[in-house]
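Written out below as structure tokens is the structure these notes cover.
Protein chains in written order, with my numbering: chain A, 3 to 162; chain B, 3 to 162; chain C, 3 to 162; chain D, 3 to 162.
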């Protein structure tokens, strides 16, 4: 691979509140400013807001779609990947990234967090799931307090 | 589909403690006694113990394998499915079931829990993950205190 | 894996002529008589006819479905696998078998033939595709003149 | 999706002769000159030659990898997609394109041709498979005599 650029996934719900969209857009903007390529699931909500942010700063956006149709991509996806494998594409979203930023999200996002952690890909969390087992918190999801902190941590922790 | 039988997935780590193996084996045995078909990821640990239990009661066991090779199935898998799609097969494990029993487990199990809950498939938990968001517990994982209780709840909640 | 049974896939169109259905049903019947487990894509046409034949002789039938819903399985599928990965499930159909019998079929069947041959899984053809490259026939698809011959060849060539 | 660019897949063996590599490189170069984005399976042989050609003209290259590791991408892939779903990724390669150019190739390429034709995605062939059924040639693979002709036909036939 010729590129030196880093690939960072942003995951979160395909529907989201205005507050979450604002966080996601800021994450996308910050990733683009840092020269990272944004990977996401290509749909609406957090994904769209992140792509919008990245695009506004001239960043590159990749959307790894579950369905059969590139038209399902949000308007800010530049490189749509049409997997046609449904939500099994969640694993491709996180595997295609060197670190993952999770913003809020529901059970689909939880599956992506699981796939990322299973693969040793760092997960930075903004208002997202917390995990406990046997009464103890699992500290694998690295918390961030702001979009800028999330991006800094993601870039610092990005695996090869 | 001609069968009236219910399909219940047992998910958990491919390595596990003796205590977890005992729980899994008892779950498998109980599922077989109730006439349910056991679906799992086909490998070792919790999966193997559950298959061993089901087999000991004459139950049917299906192992949905990640790799390329049926030989990777544990010795108690009767119907090995060779997906060759890696851990994307996690989604097929839970989708092929009408309810899921999670026993302990690590991040792969977490991804399966996420996929199941996203699909509206009930998840019964035995010593497994607890989920929190925004400081509040998500109550989607239904706790059970014993293998027998887990199986009863799974069969009662099984979706069509 | 405890089973000594052989797994043979039957592939072909989800719609088919009466003549093809008759071939497929006879293949299914013969597989069941020989104690083989029938693997297929779980839908209609050739798949349904093969499952009907196998069921009529008390055979076991596995349907590896593309979609999200076990209800899509034909009525003779006993073990429905709900992959939710769309037509990427074609590779799981052939990988789960030790030999493949292709009956007629269209482009989906062609993709399955390609996946099987790439994996070194023998393909027996009944009125199905012929392949040529650079003006020469590729002889990898082993022709059969009858269902019984197809089943005999499949069982003889079945890989481990 | 904001982009107006067209996505064209180049498929063929991960090992290839010098002559095929020359064809593939010329196809890649021509696609880049026409402003199309090259999609491929990301590995060696025809895929690498096509990416090298596209890169030499400043084109964008996307490699949809079967494995777990971005390092497996050939050196000319700019956007590596790490699917981790093995050769089931073949379907994502063709679905992500609006037309497919097949150069020589073996059974994996055959599976991709099958998936593309099943999905209504045009396939242009350069020295690749010919398909026959019931003694008659299937004319779905559109022949081209040169890389330039293949690219022109692919761009003209590209689906939306």
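Beta carbons: idealized from backbone N, C-alpha and C, even for Gly.
- Contacts between residue 87 of chain D and chain B, judged by CB atoms closer than 7 Å, involve 87, 88 and 90 in chain order.
- Closest in C-alpha terms to residue 118 of chain B, from the list A:119, A:99 and A:108, comes A:108.
- The secondary-structure analysis by DSSP pairs residue 101 of chain D across a beta bridge with D:10.
- For residue 63 of chain C, the beta-bridge partners assigned by DSSP are C:40.
- Exposure of residue 77 of chain C is indicated by the presence of fewer than 16 other C-beta atoms within 10 angstroms of its C-beta.
- Approximately 4 Å separates the beta-carbon atoms of residue 67 of chain B and residue 44 of chain B; this is inside 8 Å, confirming the contact.
- Approximately 7 Å separates the beta-carbon atoms of residue 143 of chain B and residue 131 of chain B; this is inside 8 Å, confirming the contact.
- Under a 10 Å Cβ-count criterion, residue 21 of chain C is classified as exposed, with fewer than 16 other Cβ atoms of the shown protein chains found around its own Cβ.
- Residue 32 of chain C and residue 75 of chain B have their C-alpha atoms roughly 27 Å apart.
- Going by C-alpha positions, residue 59 of chain C is about 19 Å away from residue 62 of chain B.
- A Cβ-Cβ distance of about 3 Å is found for the pair residue 99 of chain C and residue 11 of chain C, placing them in contact under the 8 Å criterion.
- With a threshold of 16 other beta carbon atoms within 10 Å, residue 80 of chain A meets it and is buried.
- Under DSSP, no beta-bridge partner is assigned to residue 15 of chain C.
- With distances taken between CA atoms, residue 19 of chain A lies nearest to A:50 out of A:141, A:50, A:30 and A:73.
- Inclusion of residue 152 of chain B and residue 126 of chain B in the CB contact set at 7 Å is warranted, their separation being smaller than that value.
- For the segment 118 to 133 of chain D, the residues whose beta carbon sits under 9 Å from a beta carbon of chain C are, in order, 118, 119, 120, 121, 129, 130, 131, 132 and 133.
- Residue 160 of chain A has its alpha-carbon roughly 13 Å from the corresponding atom of residue 36 of chain A.
- In this structure, the beta-carbon distance from residue 94 of chain D to residue 156 of chain D does not fall below 7 Å.
- In terms of Cβ geometry, residue 87 of chain D and residue 87 of chain B form a close pair [threshold 7 Å].
- Secondary structure of residue 30 of chain C (DSSP, three-state): helix.
- One Cα belongs to residue 137 of chain C, the other to residue 41 of chain A, and the distance between them is close to 44 Å.
- Nearest Cα to residue 34 of chain A within the set A:52, A:105 and A:148: A:52.
- A straight-line Cα-Cα distance of about 6 Å links residue 28 of chain A and residue 55 of chain A.
- Non-local C-beta neighbours of residue 129 of chain D in its own chain, meaning closer than 8 Å and more than five positions away in sequence, comprise 22, 25, 105 and 106, ordered along the chain.
- By the Cβ-count criterion, residue 97 of chain A is buried, with 16 or more other Cβ atoms from all chains shown falling within 10 Å of its own Cβ.
- Between residue 48 of chain B and the set B:6, B:147, B:103 and B:158, the nearest pair of CA atoms involves B:103.
- For residue 116 of chain C, the enclosing alpha helix (DSSP H) stretches over residues 109 to 120.
- Rounded to whole angstroms, residue 158 of chain C and residue 146 of chain C show a C-alpha spacing of 13 Å.
- At a C-beta separation below 9 Å, residue 158 of chain C has no neighbours in chain D, since its nearest C-beta there lies roughly 21 Å away.
- Annotation for residue 162 of chain C: no alpha helix (DSSP H) segment contains it, and DSSP assigns it neither H nor E.
- When secondary structure is reduced to three states using DSSP, residue 149 of chain D falls in the helix class.
- Residue 140 of chain C is bridged by DSSP to C:133.
- Contact annotation: residue 39 of chain B and residue 73 of chain B have beta-carbon atoms that are not nearer than 7 Å.
- Per the coordinates, the alpha-carbon of residue 71 of chain D lies some 16 Å from the alpha-carbon of residue 16 of chain D.
- Residue burial is scored here from C-beta neighbours: residue 9 of chain C has at least 16 other C-beta atoms within 10 angstroms and is therefore classed as buried.
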